[in-house]
Amino acid sequence: MSKFQKTTLATALLLVTAQSSAAGFQVSEHSASGLGRAFAGEAAVADNASVLARNPAAMSRFKQAQFTVVGSYVEPNVDIEGVSDSALAGPRDVSRLDADNIVHSAFVPATYFIQPINDKFAVGVGLFSTYGVATEFEKDYAAGTAAGTTDLMTFNINPSVSFKATEQLSLGLGLNATYGTATVERYQGDLAGKIPGSPTGTPADATYFEMEGDTWGFGWNAGVLFEFNESNRVGLAYRSQVDMEFEGDFKGLTSGGQTVNAGLDLPLPATAEFSGYHVLTQSFAVSYSVLWTQWSKFEELKATSSDCLPADGECFLKEEDFDDNIRYSIGAEYTIDQIVLRAGFAYDKSAGETTLSIPESDRFWYTAGATYNVSPALSLDFGLAYIYVEEVDFTESTTPGVEYGFKSSGDAIIASAQANYRF
Numbered sequence: 041m042s043k044f045q046k047t048t049l050a051t052a053l054l055l056v057t058a059q060s061s062a063a064g065f066q067v068s069e070h071s072a073s074g075l076g077r078a079f080a081g082e083a084a085v086a087d088n089a090s091v092l093a094r095n096p097a098a099m100s101r102f103k104q105a106q107f108t109v110v111g112s113y114v115e116p117n118v119d120i121e122g123v124s125d126s127a128l129a130g131p132r133d134v135s136r137l138d139a140d141n142i143v144h145s146a147f148v149p150a151t152y153f154i155q156p157i158n159d160k161f162a163v164g165v166g167l168f169s170t171y172g173v174a175t176e177f178e179k180d181y182a183a184g185t186a187a188g189t190t191d192l193m194t195f196n197i198n199p200s201v202s203f204k205a206t207e208q209l210s211l212g213l214g215l216n217a218t219y220g221t222a223t224v225e226r227y228q229g230d231l232a233g234k235i236p237g238s239p240t241g242t243p244a245d246a247t248y249f250e251m252e253g254d255t256w257g258f259g260w261n262a263g264v265l266f267e268f269n270e271s272n273r274v275g276l277a278y279r280s281q282v283d284m285e286f287e288g289d290f291k292g293l294t295s296g297g298q299t300v301n302a303g304l305d306l307p308l309p310a311t312a313e314f315s316g317y318h319v320l321t322q323s324f325a326v327s328y329s330v331l332w333t334q335w336s337k338f339e340e341l342k343a344t345s346s347d348c349l350p351a352d353g354e355c356f357l358k359e360e361d362f363d364d365n366i367r368y369s370i371g372a373e374y375t376i377d378q379i380v381l382r383a384g385f386a387y388d389k390s391a392g393e394t395t396l397s398i399p400e401s402d403r404f405w406y407t408a409g410a411t412y413n414v415s416p417a418l419s420l421d422f423g424l425a426y427i428y429v430e431e432v433d434f435t436e437s438t439t440p441g442v443e444y445g446f447k448s449s450g451d452a453i454i455a456s457a458q459a460n461y462r463f
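Those letters in the sequence shown? Residues 41 to 463, by the working numbering.
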C-alpha cells in the first residue's frame, strides 16, 4: 500500500492515535455515558447505541433506529525518573535518565448505528478503537535503544446482529475488521559508538533501528443478555483475539544497512465481560462489570526479515512479561426529570511488567457524568474521569551489561461528549 493510500484510508476512517488509559495498551473510551459510570455495566445497560462496542445482544432492547457519535479527549501525564545506572561506563548521574510527559494526548472518536428489523432481529455497526499506545522519548535519550517512539493505532469496523430468542433471553454476534498501523523507532543513546560496526563519534540521536507498517486483522464477538424484568438484567460478552501481522519498512541492523521489508506479529488480546444493571428505585440505579483480558498472549515485540543481521533474520526482539488481568468497576445513576447524573469507580489491575515503551501499572478510575434528554429523539451525554496511576519501580536492559533502574508515575484526565439521535 502506498504512503498516499495509507494517509487517505487513515483520514477516511478518522483514525487517530488512541492512547491507552486502561491496562496494557487497551482503549476503553467507547462512550461518554459509559465513562461517567467508569464503564460499569457496559454489557447490560444499553442506554444508547454505544453498547455495540461491548455486547451485540443488547441491540434487542432498541425499538427504533439510533445513531450515536462520541468524541473523547485523553490528557495523560506519565513521567520517568532514573534511579540507578549500571551501564558500561560505570555508575553515573541518574538524572540523565529522567523523562517527562512521554505519553501524548489524543482524541478518540467512535460512531454507532442500530436498526431494529422486527420484534426478533436488529442489526448495527460500530466504528471504534480497541487498542492503541503512543509513547515518545527525546531522540538523544540515554536509554535510547529501549525507549524511542512506540506508536500503535487501530480502528475497528464491527457489524453485528442480535436475535431475541425469548422474552428474557437475547443473543448477539458480530464480525470485526481491524486496521492498524505500527511505528517503532529506537536510537543509539548511551551505546553510540559502542555498537559493533557503528562509526566512532556516532551521536546519541542516531537511529538504532526503525520500523513502520500497517495491516488488517479479523475476528469476531458474541454476547448474551438476560432480562429478569424491565429493571434488572445481566449481560455476558466475548471479543476474540485479532492477530495483526504487520508488514513494512525496517531500517537498522540489515545487510548493507539498507531499508528492507520486515514482518511483526502482534496479537490484540481476547476479552470477556460480565455486567449487571439494576434499577433500585424510580430514580436510582446501579451497575457493575468484571472485564477479563487475555494479556498472556502478548509475549514479545519481534520483527523478522531474511535480510536482517544476524543470520537468523531477527531484526529486533523485546520480550514482554504480561499476564491475564481483570478490571472491576461499579457505577450509579440518579435521574432528575430530563437529567441523569452518574458516578463510578474502577480498579484496573496491571497487565504486566512496566517498560519504557509501555508504562504499565495499576490504575484507579474516579468518574462522573450526566445525560440531558433534549427531546424524545435527542439526548446528549458528558463524562469526565480522573485516573490515578500507581507509582512503580522497574529496570530495563538495553544490551548485556547495560541495565537502568527507573521509577514511573503519572495520571490522566479523560473528557468525553456524545450525541444520540433516535429515528
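Glycine included, each C-beta is placed from N, C-alpha and C at the ideal position. If you're wondering where the values come from, they're calculated on a predicted model, not measured in any experiment.
Cα-Cα, which of the options is closest to residue i?
i: Val123; options: Asn460, Ser449, Glu115, Glu207; result: Ser449
i: Gly220; options: Phe404, Leu276, Glu287; result: Glu287
i: Leu357; options: Asp305, Gln322, Phe314; result: Asp305
i: Pro399; options: Gly74, Val173, Asn95, Leu75; result: Val173
i: Gly229; options: Phe290, Ile454, Gly184, Gly74; result: Gly184
i: Met99; options: Gly214, Ala408, Tyr444; result: Gly214
i: Phe463; options: Phe102, Gln106, Ala410; result: Gln106
i: Asp377; options: Ala262, Glu359, Gln322; result: Gln322
i: Trp260; options: Asn95, Ala302, Thr299; result: Asn95
i: Gly253; options: Asp245, Ile366, Lys291; result: Lys291
i: Ala262; options: Trp256, Asn269, Ser210; result: Ser210
i: Thr247; options: Glu285, Trp256, Thr255, Val224; result: Val224
Would you mind sorting residue i into buried or exposed? The rule is 16 or more other CB atoms within 10 Å of its CB.
i: Ile427; result: buried
i: Pro17; result: Lying outside 41 to 463, the shown extent of the chain, residue 17 is not represented and no answer is given.
i: Leu92; result: buried
i: Tyr412; result: exposed
i: Glu340; result: exposed
i: Trp335; result: buried
i: Leu320; result: exposed
i: Ser73; result: buried
i: Asp421; result: buried
i: Glu497; result: This structure leaves residue 497 out entirely; the chain is present only between 41 and 463.
i: Thr48; result: Residue placement at Thr48 cannot be trusted, given a pLDDT of 36 that sits under 50; what the coordinates show is reported in the next sentence. The residue is exposed, with fewer than 16 neighbouring Cβ atoms inside 10 Å.
i: Phe102; result: buried
i: Phe258; result: exposed
i: Gln458; result: buried
Is residue i helix, strand or coil by DSSP?
i: Asp347; result: coil
i: Pro116; result: strand
i: Gly550; result: Outside the modelled stretch of the chain, which goes from 41 to 463, sits residue 550, for which no answer is possible.
i: Ala97; result: helix
i: Ser449; result: strand
i: Arg136; result: helix
i: Lys337; result: helix
i: Asp230; result: helix
i: Val91; result: helix
i: Tyr181; result: coil
i: Leu265; result: strand
i: Thr242; result: coil
i: Ser329; result: strand
i: Gly384; result: strand
i: Ser271; result: coil
i: Phe356; result: strand
i: Leu54; result: In this predicted model, Leu54 has a pLDDT of only 39, less than 50, meaning its place in the structure is not dependable enough to derive any value.
i: Ser124; result: strand
i: Ile398; result: coil
i: Lys342; result: strand
i: Asn141; result: coil
i: Phe463; result: coil
i: Phe79; result: coil
i: Lys46; result: With a pLDDT of 40 at Lys46, under the threshold of 50, the modelled position of this residue cannot be trusted, and the question is left open.
i: Phe102; result: coil
i: Asp254; result: strand
Using a Cβ-Cβ cutoff of less than 6 Å, which residues in the same chain neighbour residue i once the five nearest sequence positions on both sides are dropped?
i: Glu393; result: Asp361
i: Val274; result: Ala84, Phe266, Gly316
i: Arg403; result: Asp388, Ile427, Val429
Can you name the start and end residues of the beta strand (DSSP E) that residue i belongs to?
i: Ala84; result: No beta strand (DSSP E) contains Ala84, which DSSP labels as neither H nor E.
i: Leu308; result: 300-308
i: Val163; result: 161-168
i: His318; result: 311-319
i: Pro156; result: 146-156
i: Ala408; result: 403-413
i: Phe290; result: 282-291
i: Tyr171; result: Taken as a continuous stretch (DSSP letters only), Tyr171 belongs to no beta strand (DSSP E), as it is neither H nor E.
i: Ala372; result: 365-376
What do you reckon, is the C-beta of residue i under 8 Å from a heavy atom of the ligand FAD?
i: Ala78; result: Within the structure as shown, the ligand FAD is missing, as the structure has no ligands at all.
Could you spell out where the alpha helix (DSSP H) holding residue i opens and where it closes?
i: Ser202; result: Taken as a continuous stretch (DSSP letters only), Ser202 belongs to no alpha helix (DSSP H), being part of the beta strand (DSSP E) at 189-204.
i: Gly76; result: 72-76
Counting only the same chain and skipping the five closest in sequence on each side, list residues whose C-beta sits under 7 Å from that of residue i.
i: Pro307; result: Gln281, Asp283, Lys337, Phe338
i: Gly81; result: Ser315, Gly316, Tyr317, Ser327, Tyr328, Ser329, Gly371
Residues in its own chain within less than 8 Å of residue i by CB, not counting five upstream and five downstream?
i: Ala372; result: Arg77, Phe324, Ala325, Val326, Ser327, Arg382, Ala383, Gly384
i: Asp363; result: Trp335, Ser336, Ala391, Gly392
i: Ser345; result: Phe290, Thr294, Val300, Asn301, Ala302, Gly303, Gly353, Cys355
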